[in-house]
Every structure is written in structure tokens, then in C-alpha cells.
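There are 2 protein chains.
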Amino acid sequence: MNIGDVADRSGLPAKTIRYYEDIGLIRPRRSANGYRSFRESDLHKLAFLGRARALGFTIEECRTLLALYEDEGRESAQVKRIAEEHLERIDDKIAQLQSMRATLAHLVQACAGDHRPDCPILEDLARDGTGAAGADAPPAGRGGA
Amino acid sequence: MNIGDVADRSGLPAKTIRYYEDIGLIRPRRSANGYRSFRESDLHKLAFLGRARALGFTIEECRTLLALYEDEGRESAQVKRIAEEHLERIDDKIAQLQSMRATLAHLVQACAGDHRPDCPILEDLARDGTGAAGADAPPAGRGGA
DNA sequence: CTTGACCTTCCAGTCACTGGAAACCCTATC
DNA sequence: GATAGGGTTTCCAGTGACTGGAAGGTCAAG
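If you read the sequences in order, they're chains H and D.
Numbers 1 to 145, taken from the numbering used here, label the letters of the first sequence in order.
Numbers 1001 to 1145, taken from the numbering used here, label the letters of the second sequence in order.
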């Protein structure tokens, strides 16, 4: 198979497949003309990678998962640990986005959205929290990170 | 104020503040010794930017929001539109993460996580979905090798 | 005069691609 | 044989929003 075929069958862009070869995730052979020549096993790996990426695993995690997949002597605990860590990351991200969402939705709802300049959204963004107040100002750590 | 002061008071790293100057978000003056010299208004802008970034607005959106903030003749509708678009992006992202989360949580739950190699997580990642099913699969034997 | 904290610029790296240029290869048609 | 059109190759550069680090200038204290 040439790269276009595996791109079609794996759903990954040819560019991405070349990139995956670049970083050593796959090692397709070469035909006499210099074209990459993919075997079914390469396609299989690429599909694996595509699904792992779709679940949000990083490239390095994908590399590890692929290695575990090919290691008959793996322990499922190794795989599970990676997945659990990733799950935690996802949960953190969701929480962060939901917090953003709540604040933003509140502001959007409060904004008239008409021709007048008064805008609660801008007012909130511009509110003073620089510790430049008269008294001592405790740093109000607000959602970030 | 020097950059360290505004960094402390805005909560932004000095590196980020320099970067914001680089891309034209702020324009601090310079002291005779070449140091950046920040006024209260610069600090105010940086705090504004910090909060907008914490809500997930892109740098370009921040640039626009800042311009609107300084434009007395703005219409709140302009601000609201930006915020609403961003809110939609956030919702999309949350949905995507929740879908990942659901799949992953299911797999993690199904995995024994012990010393044995059998692993539903790997099995799922490796499941065949390459369109190479047993029935009609014309060999794509084209070109080279 | 030295120390150490602060500041400066510039370059490179992050992550996972993505776009584009210039050139080569292969097949089909005229 | 020429040409057109696809597919493929490599390499370079850019994305977003910083972040790390090197090499050096500035300043106040001791």
C-alpha cells in the first residue's frame, strides 16, 4: 500500500502518517521507487494510533501503549495506570472548562448586547484586582492554570 | 514600575509580559537604562488580559476585547458576540472531552489492572476498523512494490 | 569591588501537526 | 514521444501562547 491508501483506510492524513514515521512510531518499508510501502501491520498500528489520539492520549503515551500492545509479557496494570492518569487529566480539563463556562455564561447573560457601550463583560474583565488598593490586598487567586 | 513589579501585581510571568509587548498588546515606556517602565494603565491592561486569558479567550480575542474596552463608542453587542462564540467553543470542547471521558472510563473500569497481559483497553484500541474486512476487500495493489 | 538580584535581547523548544514549494514517479491519452 | 494529471518525495516554515536558557547590562548593598 502507498501512503494514500493507508491514509484513506486509517482516516489519518498522509502528512500525519509521514510525521509518525519521522518520530519513530511506525517504520514502513520503501519500494524501489522510494515510495513508502505499508503492510497490513503498519495500517493496524496507524489505526491504533488514530484511536488512541482520538481518546486524547499524547504521542508519548501512544508510543508507550503501542509498545505495551506489542509486548506479550505486559501487565494490564501498566496500561490501566496510563489510562487512569489520562482520565484524571481529562477530568481536570473538564472542570476547568466548566468553571470558565459558568463565569462566561453568567457574563453573557448579563450583557444587553445592544448598541449601547455599557457591558458587564468588559466591566468584569477590567475590575480592579491588581493589589493597588488603599488597604492591603490579599491576592484573590481566581480560576486559572 | 519595573517588569518584576507588574509581574507580581498582575500575576503574569515577566516572560509573558515581554511577549505581550512583542505582539503589541501593551506598549510600556522605557527608562533611561533601557528597562521597561510600566504605568498603572499598563498594569490595568495586563490584569485585563490575564483575566480574559483565564476565561480562555484567544490572544486575538483579547486584543479585540481590549480595543473595545478602550473604545467609548463600542456597542455591547460586539463584546457579547465574541463572548458567545467563545462560549460555544467551550461547550464543544466540553462535549468532546466528556465523550472521551465516557469511553475511557468504561475501558478503565473493564481493565483488571493486574499482572496479566489481557487488557480491554488495548483490545479496544486495536480493534479492526480499517475497512479490511473479510468479505469484499479488493487488494489495492498499485504501483511500485 | 564584589555579590546578587534584577533587567535586557535573542534563540530555541514545546505539541502535534499542517501548509506549501520544488521535484520525482507513474499511468493514460494524444 | 509529449503532455497532463495524479500521487509521492523531501525540506522548510508556521501554528498558539508561551517557556527556558544563554550572554550580558544595571543597580543597591555591604
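Where is the CB? At the ideal position from N, CA and C, for every residue including glycine.
Just so we're clear, the structure is a prediction, and the values are computed from it rather than from any experiment.
Buried/exposed call for residue i, threshold 16 Cβ in 10 Å
| i | result |
| --- | --- |
| ARG127 of chain H | exposed |
| SER1076 of chain D | buried |
| ASP91 of chain H | exposed |
| LYS45 of chain H | buried |
| ARG101 of chain H | buried |
| ASP1022 of chain D | exposed |
| ARG9 of chain H | buried |
| TYR1020 of chain D | buried |
| ARG74 of chain H | buried |
Straight-line Cα distance separating residue j from residue i
| i | j | result |
| --- | --- | --- |
| SER99 of chain H | HIS115 of chain H | 29 Å |
| ARG89 of chain H | ILE82 of chain H | 11 Å |
| ARG51 of chain H | ALA1095 of chain D | 18 Å |
| PRO1149 of chain D | GLY1056 of chain D | Nothing can be reported for residue 1149 of chain D: it is not among the residues displayed for chain D, which extend from 1001 to 1145. |
| TYR69 of chain H | ILE1017 of chain D | 45 Å |
| PHE1048 of chain D | GLY24 of chain H | 43 Å |
| TYR1035 of chain D | GLY129 of chain H | 25 Å |
| ILE1059 of chain D | ARG1053 of chain D | 7 Å |
| HIS106 of chain H | ILE121 of chain H | 9 Å |
| GLU1123 of chain D | ASP124 of chain H | 49 Å |
| GLY11 of chain H | PHE38 of chain H | 15 Å |
| GLU40 of chain H | THR1103 of chain D | 26 Å |
| ASN1033 of chain D | ILE1026 of chain D | 20 Å |
| SER31 of chain H | LEU87 of chain H | 41 Å |
| LEU97 of chain H | LYS1093 of chain D | 8 Å |
| LYS15 of chain H | LYS1015 of chain D | 33 Å |
Spatially closest choice to residue i from the options, by CA coordinates
| i | options | result |
| --- | --- | --- |
| ASP71 of chain H | D:VAL1006, D:SER1041 and D:ASP1118 | D:ASP1118 |
| VAL1108 of chain D | H:ARG53, H:GLU85 and H:LEU122 | H:GLU85 |
| LEU1043 of chain D | D:LEU1087, D:ASN1033 and D:PRO1028 | D:PRO1028 |
Which of helix, strand or coil DSSP assigns to residue i
| i | result |
| --- | --- |
| ARG74 of chain H | coil |
| SER1041 of chain D | helix |
| ARG1029 of chain D | strand |
| ARG1127 of chain D | coil |
| ARG1116 of chain D | coil |
| PRO138 of chain H | Only weak support is given to the placement of PRO138 of chain H: the predicted model assigns it a pLDDT of 35, under 50, and the value that follows is read from those uncertain coordinates. Coil. |
Check: residue i C-beta below 6 Å from any heavy atom of the ligand SAM
| i | result |
| --- | --- |
| MET1001 of chain D | Of the ligands one can find in the structure shown there are none, so the ligand SAM has no counterpart to examine. |
Requested in this report: Evaluate contact between the segment 78-95 of chain H and the segment 1046-1066 of chain D, counting only Cβ atoms and requiring at least three cross-stretch pairs below 8 Å.
Outcome: no
Query raised in the report: Should the segment 1002-1019 of chain D be called in touch with the segment 1097-1112 of chain D, which here means at least 3 C-beta pairs below 8 Å?
Result: no
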